[in-house]
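*Asks:*
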Amino acid sequence: MALTVRIQKRYGDFLLDVDLTAETALALLGASGCGKSATLKCIAGVDRPDLGRVVLDGRVLFDSEAGVNLPPQRRRVGLLFQHYALFPNMTVERNIAVCLERSRRRARTAELLALFRLEGQRDLYPRQLSGGQRQRAALARILAAEPQCLLLDEPFSALDTYLKWELEQELREVLDRFPGPVIWVSHDQGEVCRNCPQVCLLEDGRSSPVRTTAELAANPGTVSAARLMGCRNCVPVRPGPGPGLVEVPAWGLTLRAAAPWREGVTALGVHAGRVHPAEAEEANAFPCRVDRVVEEGALLLAALCPEGAAPGAPSLWMELPRGAWKALPDRTRLRAAVWPEDLMLLE
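When we follow the working numbering, the leftmost residue of the sequence shown carries the number 241, and every step to the right adds one.
1) Leaving out the 5 sequence neighbours to the left and right, which residues in its chain are closer than 6 angstroms to Ala-525 when beta-carbon positions are compared?
2) Using CA atoms only, rank isn't needed, just tell me which of Val-338, Glu-359, Val-245 is closest to Asp-303.
3) Between the alpha carbons of Gln-368 and His-427, how many angstroms are there, rounded?
4) Can you check the segment 373 to 398 for any beta strand (DSSP E) of at least 3 residues that lies completely inside it and give the ranges in chain order?
5) Let's see if you can read the secondary structure: which residues bound the alpha helix (DSSP H) around Glu-431?
6) Should Glu-587 and Thr-462 be called a contact, given that it needs their Cβ atoms to be closer than 7 angstroms?
7) Taking the alpha carbon of Cys-339 as the point to measure from, which residue in Ala-384, Val-308, Val-505 has its own alpha carbon closest?
8) Which two residues bound the contiguous beta strand (DSSP E) that contains Asn-335?
9) Once you ignore the five residues that flank Val-488 on each side, which residues in its own chain have a CB closer than 8 angstroms to its CB?
10) Thinking C-beta only, is Cys-528 closer than 7 angstroms to Pro-546?
11) Examine the Cβ distances between the segment 390 to 398 and the segment 343 to 363 and report whether three or more of them are shorter than 8 angstroms.
12) Where does Trp-424 land, buried or exposed, given buried means 16+ other C-beta within 10 angstroms?
13) I need the DSSP call for Glu-204, collapsed to helix, strand or coil.
14) Looking at Ala-453: is its Cβ nearer than 7 angstroms to the Cβ of Cys-433?
15) At what residues does the beta strand (DSSP E) containing Val-261 begin and finish?
16) Please classify Gly-484 as buried or exposed, where buried requires at least 16 other C-beta atoms within 10 Å of its C-beta.
17) Out of Ser-343, Gly-371, Arg-342, Ala-380, point me to the one whose CA is closest to Glu-359's CA.
18) Count the C-beta pairs between the segment 258 to 269 and the segment 306 to 321 that are closer than 8 angstroms, then say yes if the count reaches three, no if not.
19) For the alpha helix (DSSP H) containing Leu-589, list its first residue and its last residue.
20) On a CA-only basis, which of Gln-313, Val-515, Gly-298, Gly-548 is nearest Val-286? Give me that one, please.
21) In this structure, does DSSP put Gln-313 in helix, strand or coil?
22) DSSP state of Ala-518, grouped into three classes?
23) Here's the rule I'm using: 16 or more other beta-carbon atoms within 10 Å means buried, otherwise exposed. How should Phe-356 be labelled?
24) Could you check how far apart the C-beta atoms of Pro-544 and Met-558 are, in whole angstroms? I think they sit under 8 angstroms.
25) Less than 6 angstroms separating the Cβ of Glu-522 from some heavy atom of the ligand GDP?
26) In chain order, what are the residue ranges of uninterrupted alpha helix (DSSP H) at least 4 long that sit wholly in the segment 264 to 298?
27) Any idea if Arg-251 is buried or exposed, counting beta-carbon neighbours within 10 angstroms, 16 or more meaning buried?
28) Could you check what DSSP says for Glu-536 in three-state terms: helix, strand or coil?
29) Tell me the DSSP secondary structure of Thr-244 in three-state form.
30) How many angstroms separate the CA atom of Glu-341 from the CA atom of Gln-409?
31) For Glu-559, list the residues DSSP reports as bridge partners.
32) On the DSSP letters alone, give me the boundaries of the beta strand (DSSP E) that Glu-443 sits inside.
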């Protein structure tokens with residue numbers, strides 16, 4: 241089963257131009273205001289595109305040339321809004337049952353209440369539920385309609401960190417059983433990598449070709465894509481004095497990169513987790529001063545300043561487990577290194 245989306249829609253001066261095909265869980269990743277939620281609304285039939293086609297499992301949901309525009313209730317597309325959009329005047333049980341035929345309403349509602357662990361909340365109203373319970377109820381209502389495709393619009397944006405992790409695991413179990421395509425809108429690259437084998441970047445309304453999440457993480461290609469994938473270190477770069485060498489003027493460094501220089505490269509990207517304390521005689525090693533340390537749970541982020549860096553140069557961030565950081569003999573100065581294959585040349 242596949243969902244194919246080739247649409248254009250203008251919102252004032254903003255043009256949404258999307259071309260993608262999803263057969264499994266696909267992440268739609270992009271900065272705020274790039275058109276992610278608008279894309280989901282066009283697929284679900286909440287908004288009408290100006291041009292293009294939307295096809296799900298061979299069924300044409302929208303075709304501007306043929307004049308086809310199925311209403312949302314006939315598309316069999318389940319859209320989970322950021323704030324869940326439960327009916328406030330209905331109990332959890334009625335919110336789920338409203339999507340079901342009378343003949344199977346009781347049995348299917350009971351099944352979904354059990355699946356999402358909502359038996360104890362069946363008679364409560366949305367205002368009486370926690371954020372996690374509201375999300376479970378909204379997902380149960382969507383699945384009650386037996387959609388062929390799921391659209392998840394930042395499903396964890398309103399939840400705290402622990403609850404987000406807990407519900408992510410529950411949602412993953414549901415999606416593992418779901419047979420159709422899923423489009424998952426997110427700002428969180430960790431969430432994307434854990435749950436979506438494919439990803440489509442949306443930048444200023446325009447989609448990029450669908451890639452595997454692993455490919456995008458290893459070679460994002462552009463500065464904006466690298467930042468969306470969690471790269472903390474992006475600095476201007478220029479060709480070095482010899483083959484395979486690149487110069488980073490801000491840090492006063494000349495480094496060896498595994499990737500060949502190509503036309504259009506303007507920046508160097510390095511994931512903080514790929515910066516590490518140097519071993520003896522290691523390539524791409526350089527002395528640094530430690531300016532500050534930021535704690536992130538079990539990890540520590542050290543802001544490094546390479547010797548010879550220009551005044552006001554951005555920090556080089558290094559991410560280490562807390563134990564590895566404490567084991568360093570000197571935590572005010574150290575030699576850092578980056579393997580050549582971990583240097584990303586970005587446009």
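Backbone N, C-alpha and C define an ideal beta-carbon position, used for all residues, glycine too.
*Replies:* Judging by the given coordinates:
1) If we look at Ala-525 and ignore the five residues flanking it on each side, its Cβ neighbours are Ala-518, Arg-575, Ala-577.
2) Among Val-338, Glu-359, Val-245, the Cα nearest to that of Asp-303 is on Val-245.
3) The straight-line gap from Cα to Cα measures roughly 28 angstroms.
4) The qualifying runs are 389 to 393.
5) Annotation for Glu-431: the continuous alpha helix (DSSP H) segment containing it runs 429 to 435.
6) For Glu-587 and Thr-462, yes; Cβs fall inside 7 angstroms.
7) Residue Ala-384 holds the alpha-carbon nearest to the alpha-carbon of Cys-339 among Ala-384, Val-308, Val-505.
8) Where Asn-335 is concerned, there is no enclosing beta strand (DSSP E), although the alpha helix (DSSP H) it sits in stretches over 332 to 337.
9) Correct list, in chain order: Val-475, Pro-476, Val-477, Thr-494, Leu-495, Leu-508.
10) In this structure, Pro-546 places its C-beta atom within 7 angstroms of the C-beta atom of Cys-528.
11) Segments in contact, no.
12) Buried, because 16 or more other Cβ atoms sit within 10 Å of the Cβ of Trp-424.
13) Not covered by the structure: residue 204. The range shown for the chain is 241 to 587.
14) Here residue 453 turns out to be Thr, not Ala, going by the sequence shown. Contact flag set, yes.
15) Looking at the sequence shown, residue 261 is not Val but Thr. From DSSP, the beta strand (DSSP E) with Thr-261 extends over 254 to 262.
16) Burial call: exposed.
17) The candidate whose alpha carbon is nearest that of Glu-359 is Ala-380.
18) They do not touch, by the three-pair rule.
19) Here the chain comprises residues numbered 241 to 587, so residue 589 is not present and cannot be evaluated.
20) When each option's Cα is compared against that of Val-286, the closest is Gln-313.
21) Correct three-state label for Gln-313: helix.
22) Reduced to three states, the DSSP call for Ala-518 is coil.
23) By the neighbour-count rule (16 or more Cβ atoms within 10 Å), Phe-356 is buried.
24) Here residue 544 turns out to be Leu, not Pro, going by the sequence shown. About 6 angstroms; that satisfies the 8 angstroms criterion.
25) This structure simply doesn't include the ligand GDP, nor any ligand for that matter.
26) Along the length of the segment 264 to 298, whole alpha helix (DSSP H) runs at least 4 residues long occupy 276 to 284, reported in chain order.
27) The question names Arg, but residue 251 in the sequence shown is Tyr. Exposed, by the Cβ-count rule.
28) It is a strand residue.
29) DSSP, reduced to helix, strand and coil, places Thr-244 within a strand of the structure shown.
30) So the two alpha carbons sit approximately 30 angstroms from each other.
31) Per DSSP, Leu-541.
32) Its beta strand (DSSP E) spans residues 438 to 443.
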